[in-house]
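Okay, so here's the structure we're looking at.
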Amino acid sequence: MVSRGNASHEDDGHYDAGDAQLDSNTARYRGSEKKGKMRIVIEDGATKADVRRKMVKDAGMAVMLFGLVCACYITYSYLQELMMRIPLMGDKKFDYPVFLAFTCFTTNLVTTSVLMGSMQLRLNWRRRKMGDSADGPKSVFEDFDKKVACLGMLAATSNVMSMLSALASIKYVGIPTQIVIKSAKMIPVLIGGFLIFGRRYPVYDYIAVFVITLCVFGFNYFKPKGRMDGENTLVGMLMCFFSLFCDGLTGPLEDKMLATKDLHPFMLLFSLNFFGFPMATAAVFVFEGTTPFKLLMQNPQIWMYLALLSLTASIGQVFIVICLKLYGSLYTTLITTIRKVASSLISIFMFNHYMSVMQWISMSGTFATLFIRQFFKYKMNTKNRSSNGDGH
9 MVSRGNASHE DDGHYDAGDA QLDSNTARYR GSEKKGKMRI VIEDGATKAD
59 VRRKMVKDAG MAVMLFGLVC ACYITYSYLQ ELMMRIPLMG DKKFDYPVFL
109 AFTCFTTNLV TTSVLMGSMQ LRLNWRRRKM GDSADGPKSV FEDFDKKVAC
159 LGMLAATSNV MSMLSALASI KYVGIPTQIV IKSAKMIPVL IGGFLIFGRR
209 YPVYDYIAVF VITLCVFGFN YFKPKGRMDG ENTLVGMLMC FFSLFCDGLT
259 GPLEDKMLAT KDLHPFMLLF SLNFFGFPMA TAAVFVFEGT TPFKLLMQNP
309 QIWMYLALLS LTASIGQVFI VICLKLYGSL YTTLITTIRK VASSLISIFM
359 FNHYMSVMQW ISMSGTFATL FIRQFFKYKM NTKNRSSNGD GH
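First residue of the sequence shown: 9, per my numbering; consecutive thereafter.
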């Protein structure tokens with residue numbers, strides 16, 4: 009079984025569309041690849057004009073979603089770094105990553121609560137319409153039992169630690185370094201899946217892990233001597249790698265949750281945010297106290313940045329779900345890889361990060377490997393379906 013990544017608060021480019029049911033949001037989409045393909049279904053008797061309109065409509069939707077996902081996550085990455093560099097009153101800076109994580113969890117919880125509420129309203133409307141003949145669940149929370157809740161708490165804990173350490177690392181390393189290291193997310197996910205659940209993976213996954221590991225090593229080994237204050241420090245890189253370690257725990261736990269019950273992906277994200285929100289809230293007061301709240305009151309000019317940061321993180325997840333549902337994992341991985349390249353380039357030029365030639369090669373190799381790995385995965389899934397008689 010192929011590893012599926014994890015439902016973090018940022019897109020990770022590891023989405024699976026090869027298994028039995030629907031997943032969604034910045035989690036995953038586990039759906040039929042036949043439903044996930046970008047293909048045009050034409051009704052019998054359709055005219056050429058109808059076909060053209062259908063193709064233009066589908067292509068327009070794909071381009072629009074591509075733009076929306078990239079816009080959300082490029083803005084999110086840019087604001088992460090900008091928020092910690094904006095000068096405030098008294099020559100201070102808003103370098104409070106735990107507070108940023110807290111605001112993201114707050115908006116994510118609100119967003120997923122609205123999604124769950126809309127699902128419940130739709131379910132209630134359907135049951136009222138069908139009357140006594142209605143069957144199926146009466147509540148969207150029917151599958152949320154003690155076992156799922158326990159797994160959700162564990163996954164939320166590792167997810168919170170991953171997000172906190174990733175945001176905290178920006179104080180010491182720039183977005184390019186963070187993105188390159190975090191792009192190696194499949195490494196701990198594969199290791200975690202093997203050690204915790206004894207899973208085996210295709211050969212191309214092991215090759216991808218090897219190449220990405222070399223690229224991450226090269227990116228950090230060949231960094232130039234000249235650099236900005238506090239950039240590329242050992243502390244920052246350790247935080248990035250700790251975030252990767254937490255991702256390696258989160259992914260298998262989420263897979264276990266989805267395998268335990270026929271769990272809707274919105275429920276998965278809701279449980280992560282429901283259990284993660286109080287942890288993030290407690291972490292703010294333990295590690296940063298009330299200082300970020302006071303600075304926020306004294307510097308209202310950063311309210312807009314903070315609101316935009318949290319909103320882009322939450323809304324971007326919704327657009328990713330739609331992409332996964334309509335077009336599958338290959339197209340979505342292409343989007344997330346392009347947005348990571350764009351986020352890195354914007355950070356390099358906007359915040360004057362120094363990059364050596366070998367770092368450029370290493371970063372390019374990381375992104376190229378992610379896409380090539382997903383392409384081989386897609387071809388392998390297509391071949392398996394054809395051999396089983398499902399590809400006709």
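Built from N, CA and C at the ideal position, the CB exists for glycine as well.
Taking the Cα positions, Val219 is about 15 Å away from Met366.
Rounded to whole angstroms, Met265 and Cys78 show a C-alpha spacing of 29 Å.
If you check the CB distance, Val243 and Leu172 do not come in under 8 Å.
A direct Cα-to-Cα measurement between Ser351 and Ala164 gives close to 26 Å. Apart from sequence neighbours up to five positions away, the residues of its chain that approach Pro300 with a beta-carbon distance below 6 Å are Tyr104, Phe107, ordered along the chain.
Secondary structure of Pro105 (DSSP, three-state): helix.
Linking Ser279 to Gly324 through their CA atoms gives a straight-line distance of about 18 Å.
Put simply, of Ser355, Arg393, Leu257 the residue whose alpha carbon is nearest the alpha carbon of Ile187 is Ser355. For Phe225, the uninterrupted alpha helix (DSSP H) segment begins and ends at 211-229.
A residue is called buried once 16 or more other Cβ atoms fall within 10 Å of its Cβ, and Phe225, having fewer, is exposed. Beta-bridge pairing by DSSP links Pro308 to no other residue.
Assigned with DSSP and collapsed to three states, Pro184 falls in helix. Judged by beta-carbon spacing, Phe359 lies beyond the 8 Å limit of Gly160, meaning their Cβ atoms are not closer than that value. Val217 and Leu198 do touch by the CB rule: their CB atoms are close to 6 Å apart, below 8 Å. Rounded to the nearest whole angstrom, the CA to CA distance from Asp58 to Asp270 is 37 Å. DSSP places Pro232 outside both helix and strand once states are collapsed to three, so it counts as coil. Pairwise C-beta distances place the stretch 303-314 out of contact with the stretch 117-129, as fewer than three of them are shorter than 8 Å. The alpha carbon of Asp255 has as its nearest neighbour, out of Lys193, Ala290, Met92, Leu162, the alpha carbon of Lys193. Within the stretch 336-368, complete beta strand (DSSP E) segments of at least 3 residues are not found at all. Between the alpha carbons of Phe295 and Asp263 lies a distance of about 31 Å.
Pairing Thr115 with Ser372 gives a Cβ-Cβ distance that is not under 8 Å. A direct Cα-Cα distance of roughly 41 Å separates Arg136 from Leu314. According to DSSP, Pro95 shares a beta bridge with Lys101. DSSP, read as helix, strand or coil, puts Ser147 in coil. Taken atom to atom, the span from the alpha-carbon of Ala70 to that of Ile82 is near 18 Å.
For the set Leu73, Thr119, Ala376, Met247, the Cα lying nearest the Cα of Lys190 is the one of Met247.
By the CB criterion at 8 Å, Gln88 and Ile178 fall inside the cutoff. Here DSSP, grouped into helix, strand and coil, assigns Ile178 to coil. Nearest Cα to Trp133 within the set Ser147, Met72, Val122: Ser147.
Per DSSP, reduced to three states, the secondary structure at Asp153 is coil, with no helix or strand assignment.
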